[in-house]
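Single-structure report; data block below.
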Amino acid sequence: MVEKIRSSLLSSYDSCIDKISKELNEVEKFKSRIKENIVQYNPADYASRSGSSISIFFDHTYLKPDCTYEIVDKLSSECIEYNCKTICIPPTFVGYAKTRIRDLQVATVIGFPLGYTFDKTKQQETSLALSFGADEIDMVQNVSMLKNEQYTYVYQEIAAIKGVCKDKILKVILETSFLTLEEKIISCIIAYCAGADFVKTSTGFSDKGATLEDIILMKMIFRDRSVKASGGIKTLDFVKELISHGVDRIGCSSSIGIIKEYESK
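When we follow the working numbering, the leftmost residue of the sequence shown carries the number 1, and every step to the right adds one.
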């Protein structure tokens with residue numbers, strides 16, 4: 001599977017670069033490094049990463065519209081007890097969560113879940129979330145603009161939000177279920193050039209979530225940065241498969257059950 005994905009990616013890479021670079025000069029600076037990432041990706045580098053625990057890979061998540069303070073309390077306590085990396089919650093709950101438990105790492109979402117809000121609105125959302133204590137930002141890329149080949153717009157939006165985040169982690173949600181292979185490649189390249197720390201598969205609100213194939217493709221491009229899988233992740237076997245192929249973070253609401261199953265074996 002890996003070599004098939006690499007071959008497909010490399011055969012499309014130059015044409016994707018040419019397509020982007022017609023309006024986005026920044027890609028020239030990164031194209032050689034990204035190609036090197038693709039060539040050097042090797043699942044063997046990630047084979048033993050889970051070690052004695054997998055909990056540190058998880059963003060323990062609840063993003064449904066029926067979120068309550070009680071749910072945030074439960075999520076926060078579980079995150080600390082099971083040593084998850086963060087909780088990922090709606091932005092209006094960030095300030096509340098940060099006052100409840102010291103040292104709790106909180107991620108939140110921007111432009112969620114559709115991604116087509118104004119770029120200035122996303123910047124304001126990000127600034128507000130950070131002012132309430134958000135440690136990490138998961139923003140939805142503007143899929144509509146991407147599909148209209150407005151690559152400068154997509155790049156500038158991500159770069160501007162990274163500028164607001166500064167040293168805080170920025171994850172760009174691609175919403176892979178809506179994208180063609182070419183669009184997935186182009187999205188990753190643009191996010192890389194714009195300074196994203198992570199690319200992430202999905203919001204969890206579309207018809208499909210993370211697939212192993214998409215994670216491999218994304219990690220090939222982001223080999224020296226990070227990749228997050230989200231959407232439809234419910235089993236330990238799938239989590240182990242994702243980790244062994246290079247995923248750096250996993251967002252799901254089933255985190256605790258999966259961690260318990262792993263630790264019981």
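Where a beta carbon is used, it is the ideal one built from N, C-alpha and C, also for glycine.
Given the structure is predicted, the values throughout are model-derived calculations rather than measurements.
- [ ] Look at Ile-258 and Lys-234 and say whether their C-beta atoms are less than 9 angstroms apart.
- [x] Between Ile-258 and Lys-234, the C-beta gap is smaller than 9 angstroms, which places the two residues in contact.
Open item on the list: At the level of alpha carbons, what is the spacing between Ile-243 and Arg-49?
Closed with: The alpha-carbon separation between Ile-243 and Arg-49 amounts to approximately 7 angstroms.
Task: Presumed contact (8 angstroms Cβ cut-off) between Thr-176 and Ser-202, rounded CB distance - done: Sure, about 6 angstroms apart at Cβ, within 8 angstroms.
Open item on the list: Between which residues of its own chain and Tyr-82 is the CB-CB distance below 7 angstroms, once the five residues before and five after are set aside?
Closed with: Result list for Tyr-82: Ser-55, Ile-256 and Ile-259, in chain order.
Open item on the list: Threshold first: 4 residues or longer. Then list the alpha helix (DSSP H) segments lying entirely within the region 70-109, N to C.
Closed with: Those alpha helix (DSSP H) runs which fall completely within the region 70-109 and span 4+ residues are 94-100.
TODO: Could you tell me the distance, in whole angstroms, from the CA atom of Arg-223 to the CA atom of Ser-77?
DONE: Annotation: Arg-223 to Ser-77 spans about 33 angstroms, alpha carbon to alpha carbon.
Open item on the list: What does DSSP give as the partner residue(s) for Leu-170 in the beta ladder?
Closed with: Leu-170 is bridged to Ile-137.
Open item on the list: Check this for me: beta carbons of Ile-20 and Ile-221, under 9 angstroms apart or not?
Closed with: Using a Cβ distance threshold of 9 angstroms, Ile-20 and Ile-221 do not count as a contacting pair.
- [ ] Please name the residue in Ser-230, Ser-264, Met-218 and Glu-261 whose C-alpha comes closest to that of Gly-251.
- [x] Nearest option by C-alpha distance: Ser-230.
- [ ] Could you name the residues of the same chain whose beta carbon sits closer than 8 angstroms to that of Lys-22, not counting the 5 residues immediately before and after it, in chain order?
- [x] If we look at Lys-22 and ignore the five residues flanking it on each side, it has no Cβ neighbours.
Task: Residue burial classification, Phe-58 (beta-carbon count within 10 angstroms, cutoff 16) - done: By the neighbour-count rule (16 or more Cβ atoms within 10 Å), Phe-58 is buried.
Task: Between the CA atoms of Ala-129 and Cys-88 - distance to the nearest angstrom - done: The alpha-carbon atoms of Cys-88 and Ala-129 are separated by roughly 12 angstroms.
Task: Contact belief for Ile-158 with Tyr-13 at Cβ below 8 angstroms, rounded distance in angstroms - done: The beta-carbon distance between Ile-158 and Tyr-13, rounded to whole angstroms, is 20 angstroms. This is too long to meet the 8 angstroms contact definition.
Task: CB contact flag (Met-139, Lys-171, <9 angstroms) - done: Yes.
- [ ] With Lys-29 as the anchor, note down where its alpha helix (DSSP H) starts and where it stops.
- [x] Element bounds for Lys-29: 27-40.
Open item on the list: Using C-beta distances below 8 angstroms, list every residue in its chain close to Ser-269, excluding the 5 sequence neighbours before and after it, in chain order.
Closed with: No information on residue 269 is available, as it lies outside the stretch 1 to 265 that the chain covers here.
Open item on the list: Tell me the rounded alpha-carbon separation between Glu-26 and Lys-265.
Closed with: About 48 angstroms.
Task: Sequence-distant residues of the same chain with beta carbon closer than 6 angstroms to Cys-67, five excluded per side - done: Result list for Cys-67: Pro-90, in chain order.
- [ ] Using beta-carbon positions only, say whether Lys-168 and Ile-137 come within less than 9 angstroms of one another.
- [x] Closer than 9 angstroms, so yes.
- [ ] Please determine, among Pro-43, Gly-115 and Ala-134, the residue with the shortest C-alpha to C-alpha distance to Lys-219.
- [x] For the options Pro-43, Gly-115 and Ala-134, the alpha carbon positioned closest to that of Lys-219 is the one of Pro-43.
Task: Inter-residue Cα distance where the pair is Thr-61 and Ala-160 - done: Thr-61 and Ala-160: Cα-Cα distance of roughly 26 angstroms.
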